[in-house]
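Taking my numbering, I'd label the letters of the sequence shown as residues 37 to 230. Think of the CB as a built atom: it goes at the ideal place given N, C-alpha and C, for glycine as much as any other residue. This one's a predicted model, so the numbers in the text were calculated from it and none came from an experiment. A short write-up of the structure that comes next.
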Amino acid sequence: MKSKTSKILIIVGLLICVGSLSIKGYSKYLENKATKSFEEKIDKNTKESKEDDFTNVKAGDEIAIINIPSIKLNTVVVESIEKQYLKHYVCHFENSAMPGQYGNFSLAGHSSYRYNEVFNELHKISLEDEIIIKTLNNEFTYVVKDIFEVDPEDTYVLDQDNEKKELTIVTCTNNGKNRLIVKAEIAEDENNNK
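This is the structure in structure tokens:
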């Protein structure tokens with residue numbers, strides 16, 4: 037009887053492992069597919085305008101690519117932090133500034149093993165690291181100016197300051213109890229027009 041129970045427990049354990057790996061694999065597949073799709077749109081874009089049009093953006097739309105060379109992250113950013121998007125992608129907080137605009141371009145993504153771990157290496161980022169945001173028509177470089185932790189209820193990090201162009205990234209800390217915050221400001225050069 038013990039032998040039969042042991043075998044059943046081993047099989048159940050293996051099924052759970054395979055199931056969770058399948059879910060993570062599917063999530064990574066969706067992320068990679070969306071990233072490639074948006075990068076192809078950028079490459080094919082022949083618009084004369086250098087202005088990005090975000091007026092008709094809907095939840096789930098791809099709006100940019102985020103590239104953080106120091107942690108080897110290159111992935112798509114989608115509109116809305118609704119759970120259905122947040123479990124697969126880096127997401128843009130609705131009603132926050134868009135890339136390159138004045139205000140706080142605010143992003144969130146998971147770093148835990150339960151979901152797609154898009155920000156699982158974010159804790160390795162350093163001050164002065166570059167974060168590159170590519171939209172259909174532009175590329176913006178932000179420079180990391182602050183890294184800190186807050187309680188989950190501390191939403192002041194998303195406040196809008198329309199006097200500067202900043203970027204805020206929010207993810208869970210390694211233990212999941214707090215939020216890791218990365219604050220960056222747009223780099224000063226002729227392309228970013230700070």
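query, result
"Beta-bridge partners of Lys201, as assigned by DSSP", "Gly139"
"Backbone CA spacing between Tyr138 and Lys219 [nearest angstrom]", "14 Å"
"Cβ contact (3+ pairs, closer than 8 Å) linking the region 129-147 and the region 69-79", "no"
"Strand pairing of Glu185, partner residues [DSSP]", "Leu216"
"Euclidean distance between Cα positions of Thr41 and Thr209", "38 Å"
"Per DSSP, cross-strand counterpart(s) of Phe90", "According to DSSP, Phe90 bridges with nothing at all."
"Coil, strand or helix - Glu166 by DSSP", "strand"
"Close-in-space but distant-in-sequence residues of the same chain around Asp88 (CB under 8 Å, 5 per side omitted)", "Met134, Pro135, Gly136, Thr171, Leu172, Asn173, Asn174"
"For Thr91 and Val193, the rounded distance between their alpha carbons", "25 Å"
"Residue nearest to Asp4 in terms of C-alpha spacing, selected from Ile217, Glu76, Gly212", "Residue 4 lies beyond the stretch modelled for the chain, which goes from 37 to 230, so this question has no answer here."
"Reduced DSSP category for Tyr178 - H, G, I as helix; E, B as strand; rest coil", "strand"
"Leu122: first and last residue of the uninterrupted alpha helix (DSSP H) it sits in", "119-122"
"Residue from Leu143, Thr207, Ile78, Ser106 with nearest C-alpha to Ser116", "Leu143"
"CB of Ile101 within 9 Å of CB of Ile167, strictly", "no"
"Assigned secondary structure, Glu226 (DSSP; H/G/I helix, E/B strand, else coil)", "Residue placement at Glu226 is flagged as unreliable, the pLDDT there being 47, under the threshold of 50; the coordinate-derived value follows with that caveat. Glu226: coil per DSSP, three-state reduction."
"Stretch-stretch touch, CB-based, cutoff 8 Å, three pairs: the region 107-123 with the region 176-193", "no"
"Straight-line Cα distance separating Ile104 from Lys160", "11 Å"
"8 Å Cβ shell around Leu122 - same chain, five flanking residues per side excluded", "Ala144, Gly145, His146, Tyr151"
"Beta-bridge partners of Ile104, as assigned by DSSP", "Leu109"
"Burial state of Asn211, where buried means 16 or more other Cβ atoms lie within 10 Å", "exposed"
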